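Note sheet for the following structure.
Residue numbers (this note's numbering): 198 to 418.
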């Protein structure tokens, strides 16, 4: 039997969190090796484990995979979360690129100087409510199914739920004018593997606070 995937990253969300989400949704247990110091990162680099000298890195099936999209594509394919044909995969990729664009603006917010955070927070919420969420509300309406693509759970659904919850941490009422997204959130959150990941004690990471963000900066800069 193949061993569990091993995730190499700091103990926080960042670019690894979507990978954690996808594995959890697939019902796959994983181990994590946290990078806690500059020395830990330096060792990974000197051992030749990081092809482009950066993390996230995942050990899986005899490979050391880097680059978030490559890792997500591999797991989505391996665990049947990537649609039934090339057209569905193209839609899944398109929707995931949108959620990742929004997700990444939120991800870097804890690392921003205090004097620009308020402005950037307002911009994130404005983009979520006028660009991204209206698009997904439209997709759900036109598709008329429980999922964004086809008739089964895909990577696109998992990543959209992750991003919805991240935006709600910034503004709890942001879905008030998006009824289909609100229903989608409830439906996907109740899928057993995802429901388990949303419970306390799961590998899901909380938002970084200022102190944790400062520690991460020390490791990577």
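The beta carbon of each residue, even a glycine, is placed where N, CA and C say it ideally should be. Computed from a predicted structure; not experimentally measured.
Once the 5 residues before and after residue i are set aside, which same chain residues still bring their CB inside 7 angstroms of it?
i, result
"residue 402", "209, 210 and 214"
"residue 299", "324, 325, 329 and 360"
"residue 366", "404"
"residue 224", "390"
"residue 276", "223 and 225"
"residue 200", "none"
"residue 381", "337"
"residue 318", "306 and 367"
"residue 247", "241, 254 and 263"
"residue 332", "295"
Below 8 angstroms CB to CB, which residues in the same chain sit around residue i once its five sequence neighbours on both sides are set aside?
i, result
"residue 198", "Because residue 198 carries a pLDDT of 41, less than 50, the predicted location of this residue cannot be relied on, and no value is offered for it."
"residue 386", "358, 392 and 395"
"residue 342", "348"
"residue 397", "none"
"residue 406", "307"
"residue 370", "none"
"residue 271", "257 and 262"
"residue 413", "207, 209, 211, 308 and 405"
"residue 293", "269, 352, 353 and 356"
"residue 249", "263 and 264"
What residues are listed by DSSP as bridge partners for residue i?
i, result
"residue 263", "254"
"residue 203", "228 and 256"
Who are the Cβ neighbours of residue i in its own chain at under 6 angstroms, not counting the five residues just before and after it?
i, result
"residue 257", "202"
"residue 340", "none"
"residue 368", "322"
"residue 354", "344, 345 and 385"
"residue 285", "346 and 347"
"residue 255", "202, 204, 262 and 268"
So that I know if they touch, is there some Cβ in chain D lying closer than 9 angstroms to that of residue i?
i, result
"residue 369", "Of the protein chains in this structure there is only one, and it is not chain D."
When the distance is taken between beta carbons, is residue j closer than 9 angstroms to residue i?
i, j, result
"residue 241", "residue 252", "yes"
"residue 232", "residue 265", "no"
"residue 219", "residue 352", "yes"
"residue 310", "residue 409", "no"
"residue 221", "residue 400", "yes"
"residue 237", "residue 204", "no"
"residue 235", "residue 415", "yes"
"residue 302", "residue 320", "yes"
Got a sec: does the ligand ZN put a non-hydrogen atom nearer than 8 angstroms to the Cβ of residue i?
i, result
"residue 252", "The ligand ZN is not part of this structure, which contains no ligands at all."
On the criterion of 16 or more Cβ atoms from any shown chain inside 10 Å, does residue i qualify as buried, or is it exposed?
i, result
"residue 260", "exposed"
"residue 356", "buried"
"residue 364", "buried"
"residue 207", "buried"
"residue 280", "buried"
"residue 245", "exposed"
"residue 313", "exposed"
"residue 417", "exposed"
"residue 262", "buried"
"residue 420", "No answer is possible for residue 420: the residues shown for the chain start at 198 and end at 418."
Exercise for the section: Determine, using beta-carbon pairs with one atom in the segment 371 to 380 and one in the segment 326 to 345, whether at least three such pairs fall under 8 angstroms. Expected result: Yes: the two stretches touch, three or more of their Cβ pairs being nearer than 8 angstroms.
Problem - Any 3 or more C-beta pairs closer than 8 angstroms across the segment 283 to 292 and the segment 327 to 347 - result: By the C-beta criterion, the segment 283 to 292 is judged to be in contact with the segment 327 to 347, since at least 3 inter-stretch pairs fall below 8 angstroms.
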